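Numbering (this note's numbering), first residue to last: 2 to 80. Glycine included, each C-beta is placed from N, C-alpha and C at the ideal position. All figures in this text were calculated on a predicted structure; none of them were measured in a lab.
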Amino acid sequence: MGRAKLVDLEVMLSCASSMTWKGLYSILTLSKTVYQKGISLTKTAMKQVESRLQRNPLLSQWDILIQPLLLVISFAKII
2 MGRAKLVDLE VMLSCASSMT WKGLYSILTL SKTVYQKGIS LTKTAMKQVE
52 SRLQRNPLLS QWDILIQPLL LVISFAKII
């Protein structure tokens with residue numbers, strides 16, 4: 002990506018799709034869903050979301066691994 006200006010959707014998707022992490026490319030999908038402002042989750046719903054987050058203790062604010070929902074459900078069925 003370097004110093005590309007993220008001026009339009011095509012440039013942003015192109016830059017994001019070329020990024021790798023440990024040799025793996027990301028899978029991108031564009032969501033055109035418009036969400037309402039001011040909507041918040043209940044504490045129970047937020048706990049379900051937070052159960053999918055794994056934080057790096059050295060970079061807890063920036064490095065968060067989000068487990069896919071299907072993986073979490075499948076893993077819970079195994080246990």
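Query raised in the report: Ordered along the chain, which non-local residues of its own chain (more than five positions away) have a Cβ less than 6 Å from that of residue 2?
Result: Looking up residue 2 in the sequence shown gives position 1. Here residue 2 scores only 46 on pLDDT, less than 50, and its place in the model is too uncertain to base an answer on.
Requested in this report: Scan the region 29 to 70 and note each continuous beta strand (DSSP E) run of 3 residues or more that stays entirely inside, going in chain order.
Outcome: If we require 3 residues or more, the beta strand (DSSP E) runs fully inside the region 29 to 70 come out as 54 to 56 and 65 to 67.
Report task. State the Cα-Cα distance for the pair residue 47 and residue 56, rounded to the nearest angstrom. Result -> Counting from 1 along the sequence shown, the entry for residue 47 is found at position 46. Counting from 1 along the sequence shown, the entry for residue 56 is found at position 55. Approximately 16 Å, taken between the alpha carbons.
Report task. Determine, using beta carbons only, whether residue 27 and residue 21 come nearer to each other than 9 Å. Result -> By 1-based counting over the sequence shown, the position of residue 27 is 26. By 1-based counting over the sequence shown, the position of residue 21 is 20. A Cβ-Cβ contact shorter than 9 Å links residue 27 with residue 21.
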